[in-house]
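Note that this note's numbering has the sequence shown beginning at 176, numbered continuously upward. From the three backbone atoms N, C-alpha and C, an ideal C-beta is built for every residue, glycine too. Step one of this worksheet: look at the structure below.
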Amino acid sequence: MVESVTITDNRNGQTIEIPIVDGGVSAEQWSKILPGIWFYDPAFMTTAVAESAITFVDGDKGILEYRGYPIEQLAEQSTYLEVAYLLLHGDLPTAEQAEQWVREITYHTFIHENMRKRFLEGFHYDSHPMGILVSAVAALSTYYPDAKDIFDPETRHKQIIRLIAKMPTLAAAAHRFSVGMPFFYPDNSLDFPSNFLSMVLKTAESRFDADPTLVRAMDALFILHADHEQNCSTAAMRVVGSTHVDPYSACAAACAALYGPLHGGANEAVIRMLTEIGSRENIPAFIRAVKEGHGRLQGFGHRVYKNYDPRAKIIQDIAYKVFEVTGKNPLLDIALGLEEVALADEYFISRKLYPNIDFYSGLIYQAMGFPVEMFPVLFAIPRVTGWLAHWVEMLEHNTKIARPRQLFVGSPRRDYVPMSSR
Ligand code: ACO
């Protein structure tokens, strides 16, 4: 039996039956019977903006899959670059495809020398690295004018390779400039996460090999952050990309969305919150204040997950491995205490508020030596893959510009009044 909904326009008794397909109803069908009547849905709470085959999330069950593969298996067994291939191409690569993919990305890690000398070094010494990254990604479009040819698959492929490859270089540069350290060129003898850690942590060594546990943790964190279906920054990528602008400009818009504290800035907020709480004894008072409406428990709650965020579980395991190398982050005890209290509290239970990916990721980054300002930058490095996968999918399925409607609630027409008569 085909499932459907029937809509009746009570003004004239007209009805229309709309089939439910893949969990949604077509707005096109709706507008046939109700032209000029818009859905009022400012935060896209109930609007599907795309048919997508990339990432599956079941927020009630706490399931996350990239192209059908459970996130737990990918985080455990795959690498970020393999996952990037999977997200963009739909299937895991063969050994030959993987080798070519990794080689291509490895040989595109360098940035134009002018970009480093004139553009990046032009920022004020205490610039926020995410502000630098947003601007740097946008600036890339001026170096690659061919990127405007967005309907040529080969050109698109080239920009995808460039963006994935250059993100760690730009991110490391943003960090080094913001802490007054010299920039180091990529070391193409290293793998993707090792190369990033080398550019971030190197001081005087000719070759820097990060601890293998930290390399693996970084790669797993990249995998966990690579995509999350129609999140806010991906929505920004789609909306801006729908104007047919080049992918660097669209990615800069997505990066800007990720800068916001409700999205990529949440793990920074978690660290600030844990620092402010200071010790386990202060947890009950903090929870009480949150329940009374004074602030939020950062790193808890999610628009989609109304269950434990599956990524939060994986991250907790990674945290313990990282702390064996770096020493335990002193804020961990407060985080564990908070989680324990919140998960047993009626306020959080009834609102289905569970830890999300950000609750523990900041603790790991901090233990690895990253300042909190770098947290959204670390998120952006792999998320560029998700943005690009959705951008390609959109260009292949829909070439219409995104243009929402509004419900006008302003003044009715009135005549201009000269200043002397107001
Ligand atoms: N602490 C306390 N109460 C909360 C929290 C929280 N973290 N999150 C939601 N609530 C409460 C709200 O006050 C509201 O209660 P009410 O019904 O009594 O008014 C109810 O739960 C529903 O909250 P909404 O704001 O409607 O939920 P929404 O889906 O819009 O928000 C969001 C999701 C933004 C993630 C929210 O849970 C939040 O602000 N969390 C803290 C910030 C955070 O961790 N963000 C990271 C998100 S993950 C990511 O971007 C990678």
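Per DSSP, reduced to three states, the secondary structure at D184 is strand. Here I229 is not near A510, since their CB atoms are 8 Å or more apart. The shortest C-alpha to C-alpha distance from A311 to any of M176, D492, T330, M342 is the one to M342. Annotation for V445: the continuous alpha helix (DSSP H) segment containing it runs 441 to 452.
Distance check between V258 and each of R558, P587, V567 places R558 closest, using alpha-carbon atoms only. Relative to ligand 1, the beta carbon of I532 is positioned inside 7 Å of a heavy atom.
Proximity of the beta carbon of V465 to ligand 1 is indicated: a heavy atom of the ligand is located closer than 7 Å. P343: member of the alpha helix (DSSP H) spanning 328 to 353, first to last residue.
At a Cβ-Cβ threshold of 8 Å, I458 and V552 do not count as neighbours. A buried status is given to A542, since no fewer than 16 other beta-carbon atoms sit within 10 Å of its beta-carbon. DSSP, read as helix, strand or coil, puts Y244 in strand. For P368, the secondary structure class from DSSP, reduced to helix, strand or coil, is helix. Counting the other CB atoms within 10 Å of its CB gives E192 a total below 16, which places it among the exposed residues.
Straight across, the Cα-Cα distance linking L396 with S353 is about 23 Å. Its chain contains P343, A346, A347, M393, I556 as the residues whose beta carbon lies nearer than 8 Å to that of F371, once the 5 sequence neighbours on both sides are disregarded; these appear in chain order.
Contiguous alpha helix (DSSP H) elements confined to the segment 517 to 571 occur at 521 to 525, 533 to 542, taking only those with 4 or more residues. A contact is defined here as three or more CB-CB pairs under 8 Å, and the segment 410 to 427 fails this definition with respect to the segment 370 to 389.
Excluding its 5 nearest sequence neighbours in each direction, R526 has C-beta neighbours in its own chain below 8 Å: G476, listed in chain order. In the three-state scheme derived from DSSP, where H, G and I count as helix and E and B as strand, D590 is classed as coil. Note that the segment 301 to 320 touches the segment 426 to 437; at least 3 beta-carbon pairs, one per stretch, sit closer than 8 Å.
Contact between V445 and G416 does not hold, since the beta-carbon distance rounds to 30 Å and is not under 8 Å. When the beta-carbon positions are compared, R331 and I339 stay at least 8 Å from each other.
Here L472 carries a coil assignment [DSSP, helix/strand/coil]. When the Cα atoms are used, I182 and V584 turn out to be separated by approximately 26 Å. Within a 10 Å sphere around the beta-carbon of W213 sit fewer than 16 other beta-carbons, which makes this residue exposed. For secondary structure counted as the alpha helix (DSSP H) over 4 or more consecutive residues, the segment 219 to 271 holds these complete runs in sequence order: 246 to 252, 255 to 264. Excluding its 5 nearest sequence neighbours in each direction, E240 has C-beta neighbours in its own chain below 6 Å: F231, listed in chain order. With respect to the 8 Å criterion, P368 and V390 are classified as neighbours on the basis of their beta carbons. DSSP, reduced to helix, strand and coil, places Q405 outside both helices and strands of the structure shown, so it counts as coil. Shortest Cα-Cα distance from G468 to any of R578, Y522, V277 involves Y522. Relative to ligand 1, G512 has its C-beta separated by 7 Å or more from all heavy atoms.
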